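Residue numbers (the numbering used here), protein chains in the order written: chain A, 28 to 249; chain B, 28 to 249. Glycine included, C-beta positions come from ideal geometry on N, C-alpha and C. The structure presented is a predicted model; accordingly, all values stated were derived computationally and were not measured. Remarks on the structure that follows.
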C-alpha cells in the first residue's frame, strides 16, 4: 500500500516526530536486544539439554553465537538469570511443540493420546539437542533450592496438572475406567522421562514401549 | 595365642625372611593404597550423587579428604578412571544396601516387595548424599558415549534384568497375573527414578505413591 500524502508538519508536530523517532530508535534497540536475548536463550536450551544448566556460561554462548561476551552479559546480567531465561525458553518451545498442537484434539483420552504423540516427536526428533530439557535438568536441581529449581519444578507441576486434568476428563466421559488421576499422571510422566533416556541411548523400542504403557493405563483393566 | 618358639634362622632363611618382609611392606602399601582408593571412590559417589560425575575432580576429592592431590592422581590416573571407580563403588554400595538384603525373601512377589522396601530406604535415608546415584547420572551421560556411559547403563540393564526375572518368577508361581515382565520392570524402574526426584524435592507422598504403583502392577487387575 502507498502511504497517503501528508501535509508539512507544524513545529509542534516536528518536535513530536523527533521524539517519536527517538522512541523508534529505542524501540528498535529494545527489539534487537529482545531478539538477541531470545536467540541466546534458545541456544542455551540446546546446550543445557545436553550438558545441563550448570554447563551454561555467558562466555561459551557468546562464542557459539559469534556475539561479544560483554553484550551477552549485559542482556542477562548473571549466570542464574541466563539459566532462568533458558528454562523460560524451553517451556515456550515445549508448549509450542507439544501442548498447543495437541489442543486441537477434544479433551480427555483423545487429548492425552495427542499429547503422547507430540511428546514422542518432541523427544525423538528431538526438539532440543540433548532431548527432553526437564529430564536432563531436574535431577541436577532436585537438591539445589533456588529460583532455577523453582522454575523447573513449577513447569513440572504444570505438566502433571495438565495430564491429570485430561485424565479426569477421560474418566468423566467414561472413556477410561475409574482411576486416580494424579497417580496415573505421575506414572505417565515417569514413563516419558524414562523413555527420554531410552531414546538417548538409541533403544529402538523406546517409543513403542511408551505407547504400550500409556495405552495400558488408559484401557479398561482385565 | 603365643607364637611357637622358632630356631635361629639359617642364612638362607634370613634371606627368605627379608624377601618376605619386603613383600609384606609392599602388601601393606598396596592395602593402604587400596583402602584409600576405596575411601576416595566412596566419597566420589556422594559428590556425584549431588553434583554429577562431571562435577568430580581429583583436586576437590583430595581437599575434601585431606589427601595430597598427587597421591589421589597416582591412585586413579585420570578423571575418567575416577568416574569409573565411583560408578563401581556406587554399584557395590547399592548391591549391599538393596539387592543383598532383599535376597533373604523368596523369589517372586515377596522378593520384589523386599527390593522395593530396600530401594525406598536407599533413596529416602539416603545412602548417597544426593539420593539415587543412577537417577542423578544417567541423564548426564545418556548422550555421551564412552566407558562411563557403558558402566552406568550396564548397571541399569542389570537392575532391569533382576526386576524382570523376579516378575517372571512371580508370574510362574501364579502370584501375579500374566504380564510382560520387561515392560513391567521398565515401569517399576521409571516410577522409582521419578520417586527419587520426588523424595529430593521433599514430596511427603513420594514413598507411598511408589508403593501404590508397584502394588497396582503386581495386583490382579479388575
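Just the Cα atoms here: how many angstroms apart are residue i and residue j?
{"i": "residue 112 of chain B", "j": "residue 68 of chain B", "result": "6 Å"}
{"i": "residue 130 of chain A", "j": "residue 220 of chain A", "result": "22 Å"}
{"i": "residue 120 of chain A", "j": "residue 170 of chain B", "result": "21 Å"}
{"i": "residue 11 of chain B", "j": "residue 103 of chain A", "result": "With chain B represented from 28 up to 249, any question about residue 11 of chain B goes unanswered, as that position is not in the structure."}
{"i": "residue 177 of chain A", "j": "residue 54 of chain B", "result": "52 Å"}
{"i": "residue 95 of chain A", "j": "residue 110 of chain A", "result": "18 Å"}
{"i": "residue 243 of chain A", "j": "residue 75 of chain A", "result": "33 Å"}
{"i": "residue 209 of chain B", "j": "residue 158 of chain A", "result": "24 Å"}
{"i": "residue 245 of chain A", "j": "residue 56 of chain A", "result": "51 Å"}
{"i": "residue 236 of chain B", "j": "residue 154 of chain A", "result": "31 Å"}
{"i": "residue 185 of chain A", "j": "residue 224 of chain A", "result": "22 Å"}
{"i": "residue 70 of chain B", "j": "residue 84 of chain A", "result": "28 Å"}
{"i": "residue 88 of chain B", "j": "residue 118 of chain A", "result": "36 Å"}
{"i": "residue 90 of chain A", "j": "residue 100 of chain A", "result": "12 Å"}
{"i": "residue 60 of chain A", "j": "residue 86 of chain A", "result": "17 Å"}
{"i": "residue 92 of chain B", "j": "residue 127 of chain B", "result": "29 Å"}
{"i": "residue 139 of chain B", "j": "residue 194 of chain B", "result": "7 Å"}
{"i": "residue 105 of chain A", "j": "residue 240 of chain A", "result": "42 Å"}
{"i": "residue 122 of chain A", "j": "residue 202 of chain B", "result": "43 Å"}
{"i": "residue 80 of chain B", "j": "residue 164 of chain B", "result": "7 Å"}
{"i": "residue 73 of chain B", "j": "residue 63 of chain A", "result": "39 Å"}
{"i": "residue 233 of chain A", "j": "residue 97 of chain A", "result": "43 Å"}
{"i": "residue 222 of chain A", "j": "residue 147 of chain B", "result": "22 Å"}
{"i": "residue 135 of chain B", "j": "residue 141 of chain B", "result": "10 Å"}
{"i": "residue 51 of chain A", "j": "residue 182 of chain A", "result": "36 Å"}
{"i": "residue 211 of chain B", "j": "residue 116 of chain A", "result": "35 Å"}
{"i": "residue 204 of chain A", "j": "residue 191 of chain A", "result": "14 Å"}
{"i": "residue 238 of chain A", "j": "residue 107 of chain B", "result": "37 Å"}
{"i": "residue 144 of chain A", "j": "residue 226 of chain B", "result": "29 Å"}
{"i": "residue 77 of chain B", "j": "residue 166 of chain A", "result": "9 Å"}
{"i": "residue 151 of chain B", "j": "residue 124 of chain B", "result": "12 Å"}
Chain B beta carbons: is any one of them nearer than 8 Å to that of residue i?
{"i": "residue 236 of chain A", "result": "yes"}
{"i": "residue 198 of chain A", "result": "no"}
{"i": "residue 62 of chain A", "result": "no"}
{"i": "residue 157 of chain A", "result": "yes"}
{"i": "residue 148 of chain A", "result": "no"}
Going along chain B, which residues have a C-beta under 8 Å from residue i?
{"i": "residue 180 of chain A", "result": "228"}
Does any residue of chain A bring its CB to less than 8 Å from the CB of residue i?
{"i": "residue 170 of chain B", "result": "yes"}
{"i": "residue 165 of chain B", "result": "yes"}
{"i": "residue 188 of chain B", "result": "no"}
{"i": "residue 68 of chain B", "result": "no"}
{"i": "residue 203 of chain B", "result": "no"}
{"i": "residue 4 of chain B", "result": "Any answer about residue 4 of chain B is impossible in this case: the structure gives chain B only from 28 up to 249."}
{"i": "residue 191 of chain B", "result": "no"}
{"i": "residue 162 of chain B", "result": "yes"}
{"i": "residue 152 of chain B", "result": "no"}
{"i": "residue 221 of chain B", "result": "yes"}
Going along chain A, which residues have a C-beta under 7 Å from residue i?
{"i": "residue 94 of chain B", "result": "Simply none; closest approach about 25 Å."}
{"i": "residue 218 of chain B", "result": "214, 217"}
Closer than 9 Å by beta-carbon distance: list the chain A residues that pair up with residue i, in chain order.
{"i": "residue 210 of chain B", "result": "236, 239, 240, 243"}
Closer than 8 Å, Cβ to Cβ, to anything on chain A: give me those residues from the stretch 109–138 of chain B, in chain order.
None of the residues of the stretch 109–138 of chain B has a beta carbon lying less than 8 Å from any beta carbon of chain A.
Going along the chain, which residues of the stretch 74–87 of chain B sit with their C-beta nearer than 7 Å to a C-beta in chain A?
Of all residues in the stretch 74–87 of chain B, 77, 79 have a Cβ within less than 7 Å of some Cβ in chain A.
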